[in-house]
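Q: Sequential numbering from 4 applies to the sequence shown in my numbering.
Dumping the structure here so I can ask a few things about it.
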Amino acid sequence: MGFFSFLHRPQTPQEQVIPLFPLNTVLFPGGILGLKVFEPRYLDMTAVCLREKTAFGICLVSGRQEDDVLATHPVGTMAWISQADMEQAGILMLTVHGRERFRILETTRQEDGLLRARVQLLTPAEKVSMPPERNRLLPLLTRIVSDLGSEKVVEPYDFEDAEWVGFRLTEVLPVQNLAKQKLLELDDALERLEILEKYLDQKKLL
């Protein structure tokens, strides 16, 4: 399919066409991430996002295709730039914040190698309160947040929100990115907490 037909395909309100930044890390809604940008295609992408006040998508790399294009997992997170500093000529230091999750519907590659995707935004679930039986997770997360501070864990903190607690625990745990990706893809905040609690019990961290 041609690039322009891709861009002009009719979209539903929950669909967007966005640039993708494949990375070997997972960004979560409500999370913060520092990026060092130096490839021309991503410098150009950043310039457009800053000028138009738009987001780009961060996805975990899953491998490479036959034409050496990076392949990504199907679910990622919208990244909004909160700070951009030119450290030196040709190197841009970004701070981005994660917001909505999205699911990739199809992708295309620009001539400069930048991936663009038609994505479906995954509507955030209604807030689910922390169930009493999972409150034993909170002392650990409270200590972690206190140690890391607001530069690493974005305020406002919401220890009563099951999704917020699950995402914050997942992003700081020393587990493989694939495991973090699977937890990102889960729609059920309570199921995510159950998995995290079992893992932390196995590691004797609770």
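For every residue, glycine included, the Cβ atom is placed at its ideal position computed from N, Cα and C.
Which residue's Cα is closest to the Cα of F59: A50, P22, L46, E136?
A: Answer by Cα proximity: P22.
Q: Where in the region 14-89 do unbroken runs of the beta strand (DSSP E), each at least 3 residues long, occur, reported from the N-terminal end onward?
A: With a minimum length of 3 residues, the continuous beta strand (DSSP E) runs that stay inside the region 14-89 are 18-26, 35-40, 59-67, 73-75.
Q: Quick one: residues in its chain with C-beta nearer than 6 Å to the C-beta of E109, no 5 flanking neighbours on either side, listed in chain order?
A: Cβ-Cβ distances below 6 Å link E109 to R121 in the same chain, with the five nearest sequence neighbours on each side left out; the list follows chain order.
Q: May I have a chain-ordered list of the alpha helix (DSSP H) segments no shorter than 4 residues that lie completely inside the region 117-199?
A: 141-151, 165-175, 180-188
Q: Can you look up F6 in the DSSP assignment and give me helix, strand or coil?
A: Low confidence applies to F6: its pLDDT is 47, below 50, so where it sits in the model is not reliable enough to give any reading.
Q: Under 8 Å, do R106 and V64 count as touching if we go by C-beta distance?
A: no
Q: How about P32: is its C-beta nearer than 8 Å to some C-beta of chain D?
A: Annotation note: the requested chain D is absent from the structure, which comprises a single protein chain.
Q: In three-state DSSP terms, what is L208?
A: coil
Q: To the nearest whole angstrom, what separates the beta carbons of A82 and G66, a pair I think is in contact under 8 Å?
A: Their Cβ separation, rounded to whole angstroms, is 21 Å, which puts A82 and G66 out of contact at 8 Å.
Q: Take the Cβ of G34 as the centre, count every other Cβ of all protein chains shown within 10 Å, and call the residue buried at 16 or more, exposed below.
A: A residue is called buried when at least 16 other Cβ atoms come within 10 angstroms of its Cβ; G34 meets this threshold and is buried.
Q: So, under 8 Å CB-CB, V168 and L140 are touching, yes? Tell me the CB distance rounded to an integer number of Å.
A: 6 Å
Q: What residues match up with G101 in a beta bridge as DSSP calls it?
A: A82
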